[in-house]
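There are 2 protein chains.
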Amino acid sequence: MAVGSGELGTLHRVDGVRIGVASAGIKKTGRIDTVVFELAEGSSVAGVFTLNAFCAAPVTLAKKHLAEVSPRYLLINTGNANAGTGEIGMIDAKSSCAALAAEVGVTAEQILPFSTGVIGEKLPVEKLITALPAAVGALSDNAWSQAASGIMTTDTRPKATSRQIDINGRTITVTGISKGAGMIKPNMATMLGYVATDAAIAPNILQEMLDVAAEASFNRITIDGDTSTNDSCVLVATGRAGGDVLSVSEGAVFNTLQKVFNEVFLELAHAIVRDGEGATKFVAVEVDGAKDVTEALKVAYAVAESPLVKTALFASDPNWGRILAAIGRAGVDSLDVSTLTVHLGDVLITENGGRAQSYTEEAGAAVMKNAEIVIRINLHRGQHKETVWTTDFSYDYVKINAEYRS
Amino acid sequence: MAVGSGELGTLHRVDGVRIGVASAGIKKTGRIDTVVFELAEGSSVAGVFTLNAFCAAPVTLAKKHLAEVSPRYLLINTGNANAGTGEIGMIDAKSSCAALAAEVGVTAEQILPFSTGVIGEKLPVEKLITALPAAVGALSDNAWSQAASGIMTTDTRPKATSRQIDINGRTITVTGISKGAGMIKPNMATMLGYVATDAAIAPNILQEMLDVAAEASFNRITIDGDTSTNDSCVLVATGRAGGDVLSVSEGAVFNTLQKVFNEVFLELAHAIVRDGEGATKFVAVEVDGAKDVTEALKVAYAVAESPLVKTALFASDPNWGRILAAIGRAGVDSLDVSTLTVHLGDVLITENGGRAQSYTEEAGAAVMKNAEIVIRINLHRGQHKETVWTTDFSYDYVKINAEYRS
Chain S
1 MAVGSGELGT LHRVDGVRIG VASAGIKKTG RIDTVVFELA EGSSVAGVFT LNAFCAAPVT
61 LAKKHLAEVS PRYLLINTGN ANAGTGEIGM IDAKSSCAAL AAEVGVTAEQ ILPFSTGVIG
121 EKLPVEKLIT ALPAAVGALS DNAWSQAASG IMTTDTRPKA TSRQIDINGR TITVTGISKG
181 AGMIKPNMAT MLGYVATDAA IAPNILQEML DVAAEASFNR ITIDGDTSTN DSCVLVATGR
241 AGGDVLSVSE GAVFNTLQKV FNEVFLELAH AIVRDGEGAT KFVAVEVDGA KDVTEALKVA
301 YAVAESPLVK TALFASDPNW GRILAAIGRA GVDSLDVSTL TVHLGDVLIT ENGGRAQSYT
361 EEAGAAVMKN AEIVIRINLH RGQHKETVWT TDFSYDYVKI NAEYRS
Chain F
1001 MAVGSGELGT LHRVDGVRIG VASAGIKKTG RIDTVVFELA EGSSVAGVFT LNAFCAAPVT
1061 LAKKHLAEVS PRYLLINTGN ANAGTGEIGM IDAKSSCAAL AAEVGVTAEQ ILPFSTGVIG
1121 EKLPVEKLIT ALPAAVGALS DNAWSQAASG IMTTDTRPKA TSRQIDINGR TITVTGISKG
1181 AGMIKPNMAT MLGYVATDAA IAPNILQEML DVAAEASFNR ITIDGDTSTN DSCVLVATGR
1241 AGGDVLSVSE GAVFNTLQKV FNEVFLELAH AIVRDGEGAT KFVAVEVDGA KDVTEALKVA
1301 YAVAESPLVK TALFASDPNW GRILAAIGRA GVDSLDVSTL TVHLGDVLIT ENGGRAQSYT
1361 EEAGAAVMKN AEIVIRINLH RGQHKETVWT TDFSYDYVKI NAEYRS
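Taken in order, these protein sequences are the chains called S and F.
1 is the number of the first residue of the first sequence in my numbering; add one for each residue after it.
1001 is the number of the first residue of the second sequence in my numbering; add one for each residue after it.
So, in structure tokens, the structure goes:
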């Protein structure tokens, strides 16, 4: 189950990026589970990573490498997260980087490793290493869609998007992929995401742009409130489109690029929610009229993560009392429930602390039967607005997560 | 589904408390949905109530009445929570108190009202009022078990317990009932609970004792993280056993009574978890070696409320990686994952940031197949310990909550 068509449009190649995939047999024999990105020399690379204290060995190593040198390769495996694996996990992550480095003739520090899959089992590093020559041999100019499929775990479909814009007469391409369906909770990049552009952008500016784009997209989605140990997101700028290197965070070029990054990241983040484990609904929770970001997000997440709200969404039941109960326990100081309003789509459901006079069960039910739903909450106590995206909670969520390892 | 036998032992009468039940037809025709407690004149009454900002009209009114006078009656209805009902909800709550007051010859302020059930629908107050004479006519010395059944909503079985102890040669009785199965999250009394004793205790001391007992019991359980709009818990001391009125919070008598209250409250709280919606497991999450209460509870709730941990518990899958991931995202500052340990029952599962050397999947699976499971986490950074109780997350949880109103 997933919401929307999920059809991938044209994925434009990004000059300076080559991708190769292979099957290492980590998850199932024959399934693509190894992806290598080759980045042209001189590319700028920015990253954001999980804040989970139990972050996986590859996350620790990728952060270290990124701080030391300019990366030339990304190495991604699925089927095993190499998380909760202690010292041996770090040794395995280093071995895989060293093996790829030897294969392609760079230093191990120029490789950023990423793993996703089951937590707590040793990475079958020999299998991964054995598959590297095949992945490197397959490096090609336009394998974005293979990569999108190759990084999937419980995802039911690949997630990718691509844009081309004109900047000062040059065509600039931005293409990206993402994965994730469960263990999704905002706290820095909450999944795996890889986005590349051929624009020329200085590393520090690129990192700023990634932070902004990730905050408004991957950090605003939640499926089950569980932050992964492996979440990572990388933004690459190869500079191959030519033109001046962007080195200030202002001006028309900066604004145009930031806008397209924001759009691409939001589309990739939404794709994750649409493919949320067991999802039958794509739900936006908008909180307006808040005093600040913090209280807007408190309310939005209380609603978006409430199992009772999510099961009502699954049942297409306009049980708005559960929305009120979630707002009420969100921990907003001195919340005046008599002045806030809640809309389900365009239907006003609550005002004056109770059901709106104009509300009818039929009108609420008509909204709830849609696959895409907006819950709009206005606290009427400030100017701030935030939106969080989530899914419903279905039998299939339980099924997928109760049977994941069996 | 529920965990354990759920059999009620002997429920001793509490001198000074009479209970009457009736069917008002609020939920289903013929089902007991109205319960009246009559408390002897001079009884001390203490209460704790939900912190949800959208607290129900009866909660607001009960708090107001309790602050004004010494209550003589408790009026409880199920089937409708009278929450999210705005001004009309308050009018209905007041009407029901006034009707009972007229029936029994006290003032409306001497009635504490309680409602539980669907949120956001108008209380059918006429039906409730019509049933009051029957409930009052049925008042009897020992109807605790009828009351336990009468306050149920999605509960699959009644919850009650009773103790008798000797204090200075007098037999002191403590009997209580509780209800709750979903929308359970600690934040003051997280369900309905009514406990009475014939001991003589001054109101302010009784309130202190209730605060302590509720904090260590009802405020340490979670089923779905959703705090109800109606949670209330009442402790009554009729004084009918005779003896000096306890008026200091120290000494042997105080300690003995506090201990028995703690036991009774814990048993009633556990009964709620055992009957958690769709529960197949009764799970204690113990966090030891924490610096303070706050961080112990952060970790305990992160684990206890993780949908991924809960679905793994349902599947009897020792997927301890999910436990680590939940600990890692609990928000504990500078958590050193290499020094913490996790046990499943008596089986050490993690140490040094990964799977314990001695751990085998078989040993983990043997613990997980039990209906009662203890997850023991030691952070090894302080002396504080807290325990939280929870359930697994099953198909039936989704089924119950997706179909609640249909």
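Yeah, the Cβ is synthetic: ideal placement off N, Cα and C, and Gly gets one too.
> Are any of the Cβ atoms in chain S nearer than 9 Å to that of Lys1185(F)?
Replying inline: Because Lys1185(F) sits at a pLDDT of 42, beneath the cut-off of 50, its placement in the model cannot be relied upon, and the point is left open.
>> If you measure between the beta carbons of Val1104(F) and Glu1208(F), is that distance less than 9 Å?
In response: no
> Mind checking if Phe54(S) is an interface residue toward chain F, Cβ cutoff 9 Å exclusive?
Replying inline: yes
>> Taking its Cβ as the centre, do 16 or more other Cβ atoms sit within 10 Å of Gly1047(F), making it buried, or is it exposed?
In response: buried
>> Does Pro186(S) come out as helix, strand or coil in the three-state DSSP assignment?
In response: With a pLDDT of 33 at Pro186(S), under the threshold of 50, the modelled position of that residue is not reliable, and the figure given next carries that caveat. The answer is coil: DSSP assigns Pro186(S) none of H, G, I, E or B.
> According to the Cβ coordinates, are Val1388(F) and Ala1315(F) closer than 9 Å?
Replying inline: no
> Does Phe1282(F) get closer than 9 Å to chain S when you measure Cβ to Cβ?
Replying inline: no
> Asp292(S) to Glu1362(F), Cα distance in whole Å?
Replying inline: 50 Å
> Between Leu1011(F) and the rest of its own chain, which residues show a CB-CB distance below 6 Å, the 5 nearest in sequence each way excluded?
Replying inline: Trp1144, Ser1145, Ala1160, Ser1162 and Thr1175
> Residues bridged to Asp1288(F) by DSSP?
Replying inline: Asn1378(F)
> With which residues is Asn1080(F) paired in a DSSP beta bridge?
Replying inline: Thr1116(F) and Val1118(F)
>> When you compare the CB positions of Val1036(F) and Pro1071(F), do they come within less than 9 Å of one another, or not?
In response: no
>> Residues of chain F with CB closer than 7 Å to the CB of Ala487(S), please, in chain order.
In response: Summary: the structure shown does not reach residue 487(S), with chain S confined to residues 1 through 406, and so no result is reported for it.
> Which residues bound the alpha helix (DSSP H) around Tyr1395(F)?
Replying inline: Tyr1395 to Ala1402
> Would Lys1179(F) count as contacting chain S if we go by Cβ distances under 9 Å?
Replying inline: no
> Ends of the beta strand (DSSP E) at Val1347(F)?
Replying inline: Val1347 to Glu1351
>> Considering Cα atoms alone, identify which of Ala1200(F), Gly1243(F), Arg1220(F) and Ala1252(F) is closest to Leu1235(F).
In response: Ala1200(F)
> To the nearest whole angstrom, what separates the beta carbons of Ala93(S) and Pro124(S), a pair I think is in contact under 8 Å?
Replying inline: In fact, because the Cβ distance is near 13 Å, the residues do not count as touching under 8 Å.
> From which residue to which residue does the alpha helix (DSSP H) around Ala147(S) run?
Replying inline: Trp144 to Gly150
>> Can you tell me whether Glu1250(F) is helix, strand or coil according to DSSP?
In response: coil
> Just the Cα atoms here: how many angstroms apart are Gly276(S) and Lys27(S)?
Replying inline: 20 Å
> Based on Cα-Cα distance, which residue from Val118(S), Asp166(S) and Asn219(S) lies nearest to Val260(S)?
Replying inline: Asp166(S)
>> Assuming Gly20(S) and Ser140(S) are in contact, meaning their beta carbons sit under 8 Å apart, how far apart are those beta carbons, in whole angstroms?
In response: 7 Å
>> Between the alpha carbons of Arg1355(F) and Ile1377(F), how many angstroms are there, rounded?
In response: 14 Å
>> Could you check whether Cys1097(F) and Leu1066(F) sit closer than 9 Å to each other, using their CB atoms as the reference points?
In response: no
> Can you give the Cα-Cα distance for Ala189(S) and Arg1329(F), rounded to whole angstroms?
Replying inline: Note that Ala189(S) scores 28 on pLDDT, short of 50, meaning its location in the model is unreliable and no value can be drawn from it.
> Between which two residues does the alpha helix (DSSP H) harbouring Leu308(S) extend?
Replying inline: Pro307 to Phe314
> Given Glu68(S), which residues of its chain have a CB within under 6 Å of its CB, disregarding the five upstream and five downstream residues?
Replying inline: Glu109
>> Using a 10 Å radius around the Cβ and a threshold of 16 neighbouring Cβ atoms, would you call Asn1230(F) buried or exposed?
In response: buried
>> Which of the three DSSP states is assigned to Ser96(S) in this structure?
In response: helix
> DSSP state of Ile373(S), grouped into three classes?
Replying inline: strand
> Whole-angstrom Cβ separation of Ala1279(F) and Asp1392(F), contact assumed at under 8 Å?
Replying inline: 6 Å
>> Against Ile327(S), what residues of chain F qualify as contacts under a CB-to-CB distance less than 7 Å, listed in chain order?
In response: Phe1054
> Would you say Tyr1397(F) reaches chain S, if we count a Cβ-Cβ gap shorter than 9 Å as a contact?
Replying inline: yes
> What are the boundary residues of the beta strand (DSSP E) that includes Gly1193(F)?
Replying inline: Leu1192 to Thr1197
>> Strictly under 9 Å for the Cβ-Cβ distance: is Val332(S) near chain F by that measure?
In response: yes
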